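Novice: Dropping a structure here in structure tokens format, bear with me for questions.
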Ligand code: WQD
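Next up, the structure:
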């Protein structure tokens, strides 16, 4: 079975490529290397003993995409990660996000629609829920007006896929809405490689812990939560990667009930910012230098998933705890700063 992984050099894409290869799938990675380096291929190879096929292609180039599908007309599935994902950047550069996240999706679906049978896994996000009214969030929670162009591209992306599936019976797709991925592969051969100053909490914590950052700014402790800081659901990236393989297998084996399905992929447990900091201090044995500052614009107070559907229907359940995920993130940070 040959699977295309777009954005396969990225954080979640690389971990998913490892899980696919370890399950015996042949992996073809497309990445434009705008936010990842080809060296990640070495990490994937070191773990699995097999180097994935790799083509440096920008999915915004329609001709290159067509040429790729002509040369790889035997794909058994596509897992689509390639997209821009920085919320703040999307506010400043909306057209980059609409072109890169939606234009490319249309090109992929145009090719998949021509195939006799197509299996498509879409990297969606809890961002589609914005601030959900009830916790934990179920898949049928109302999708609210997006609060950023990035979030809008995930909402519209899901609609594009759903509308296409409605008129393309042989296209079977699953959107996976994930929460906050973190951590690194236990081999510490691959992990998160944020470019520049990390926007996300966990890499900022580990970079502060290793001394790269002077201190972590905690964006507000006056929220209506137990300790006043925002609550999110932090999921080990390996658990998340495995969910993609399970979802793909569901489609390939024809076990999906409809030709478009949506699943939350999470741990079902929320953790506050301070709890995440305390997890780092526990696993690292280091005190983290942090300061409470003002709220970050656009932050939702709470976001964590009801994972019953993924657990029962998909047959997937997250295995790692926050501490286990944080330990892997810390071990990875120590490794990459040593090399
Ligand atoms: C988590 C919490 C911050 C940094 C993002 C994307 C979302 C999805 C998941 C892709 C918040 C606080 C953070 C810092 C802090 N990605 N924080 N100091 O915003 O929940 O979601 O990743 O789909 O689309 O927006 O993740 O890690 O940025 O923030 O206090 O330096 O940590 O306020 O409460 P977020 P995050």
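Residue numbers (the working numbering): -3 to 335. For every residue, glycine included, the Cβ atom is placed at its ideal position computed from N, Cα and C. Model, not experiment: these values are computed from the prediction.
1) Mind checking whether the beta-carbon of residue 195 lies closer than 8 Å to any heavy atom of ligand 1?
2) For residue 132, count the other beta carbons within 10 Å of its own beta carbon; 16 or more makes it buried, fewer makes it exposed. Which is it?
3) Work out the CA separation of residue 284 and residue 69 for me, nearest whole Å.
4) CB residue 185 to CB residue 25, shorter than 9 Å?
5) Could you compute how far the alpha carbon of residue 46 sits from the alpha carbon of residue 0?
6) Helix, strand or coil: which one does DSSP assign to residue 84?
7) Would you mind reading off the limits of the alpha helix (DSSP H) that contains residue 316?
8) In terms of residue numbering, what span does the beta strand (DSSP E) encompassing residue 174 cover?
9) Out of 173, 139, 210, 109, point me to the one whose CA is closest to residue 164's CA.
10) My parser needs the alpha helix (DSSP H) runs of 4 or more residues fully inside the stretch 6 to 32; what are they?
11) Return the CA-CA distance between residue 235 and residue 302, expressed in angstroms with no decimal places.
12) At which residues does the beta strand (DSSP E) containing residue 41 begin and terminate?
13) From the DSSP output, in three-state form, read off residue 49 for me.
14) Return the Cβ separation of residue 192 and residue 229 in integer angstroms, given the expectation that the two are a contact with Cβ distance under 8 Å.
15) Is residue 261 near ligand 1, with its Cβ less than 8 Å from a heavy atom?
16) What does DSSP give as the partner residue(s) for residue 177 in the beta ladder?
17) Taking residue 251 as the reference, which of 170, 209, 287, 199 has the closest Cα?
18) So what's residue 258 in DSSP terms, helix, strand or just coil?
19) Check whether the Cβ of residue 321 lies closer than 8 Å to any heavy atom of ligand 1, and answer yes or no.
20) Look up residue 287 in the DSSP assignment and say whether it is helix, strand or coil.
21) State the Cα-Cα distance for the pair residue 29 and residue 149, rounded to the nearest angstrom.
22) So is residue 188 buried or exposed if we call it buried at 16+ other beta carbons inside 10 Å?
Specialist: Taking the definition as stated:
1) Numbered from its first residue, the chain shown carries residue 195 at position 199. Yes, since a heavy atom of ligand 1 falls inside the 8 Å radius drawn around the Cβ of residue 195.
2) Locating residue 132 in the chain shown gives position 136, counting from the first residue. With 16 or more Cβ atoms within 10 Å of its Cβ, residue 132 is classed as buried.
3) As a position in the chain shown, residue 69 is number 73, starting the count at 1. As a position in the chain shown, residue 284 is number 288, starting the count at 1. Going by the C-alpha atoms only, they are around 51 Å apart.
4) In the chain shown, counting from the first residue as 1, residue 185 sits at position 189. In the chain shown, counting from the first residue as 1, residue 25 sits at position 29. In this structure, residue 25 does not lie closer than 9 Å to residue 185 by Cβ.
5) What you label residue 46 is simply residue 50 of the chain shown in a count that begins at 1. What you label residue 0 is simply residue 4 of the chain shown in a count that begins at 1. So the two alpha carbons sit approximately 16 Å from each other.
6) Taking the chain shown and counting its residues from 1, one reaches residue 84 at position 88. DSSP places residue 84 in helix when its eight states are reduced to three.
7) Here residue 316 is taken as the residue at index 320 of the chain shown, counted from 1. Run containing residue 316: none; DSSP gives neither H nor E here.
8) Indexing the chain shown from 1 puts residue 174 at position 178. 167 to 174 is the span of the beta strand (DSSP E), which, as asked, contains residue 174.
9) Counting from 1 along the chain shown, the entry for residue 164 is found at position 168. Ranking 173, 139, 210, 109 by Cα distance to residue 164 puts 109 first.
10) 7 to 18
11) Here residue 235 corresponds to residue number 239 of the chain shown, with the count starting at 1. Here residue 302 corresponds to residue number 306 of the chain shown, with the count starting at 1. The alpha-carbon atoms of residue 235 and residue 302 are separated by roughly 16 Å.
12) Indexing the chain shown from 1 puts residue 41 at position 45. That residue, residue 41, is in no beta strand (DSSP E); its alpha helix (DSSP H) goes 36 to 44.
13) One-based indexing of the chain shown puts residue 49 at position 53. In this structure, residue 49 counts as strand in the three-state DSSP scheme.
14) As a working mapping, residue 192 is identified with position 196 in the chain shown. As a working mapping, residue 229 is identified with position 233 in the chain shown. So it is not a contact: roughly 25 Å between Cβ atoms.
15) Taking the chain shown and counting its residues from 1, one reaches residue 261 at position 265. No, ligand 1 has no heavy atom inside 8 Å of this Cβ.
16) Numbered from 1 along the chain shown, position 181 holds the residue referred to as residue 177. BP columns for residue 177 point to 231.
17) Numbered from 1 along the chain shown, position 255 holds the residue referred to as residue 251. Minimum Cα distance to residue 251 is reached at 170.
18) Here residue 258 refers to the residue found at position 262 when the chain shown is read from its first residue. Residue state, collapsed to three classes: strand.
19) Here residue 321 refers to the residue found at position 325 of the chain shown. No, since every heavy atom of ligand 1 falls outside the 8 Å radius drawn around the Cβ of residue 321.
20) Looking up residue 287 in the chain shown gives position 291. DSSP places residue 287 in strand when its eight states are reduced to three.
21) Residue mapping note: residue 29 aligns to position 33 of the chain shown, counting from 1. Residue mapping note: residue 149 aligns to position 153 of the chain shown, counting from 1. Using only the alpha carbons, I get a separation of about 21 Å.
22) On the chain shown, position 192 is the one that residue 188 refers to. Buried is the call here.
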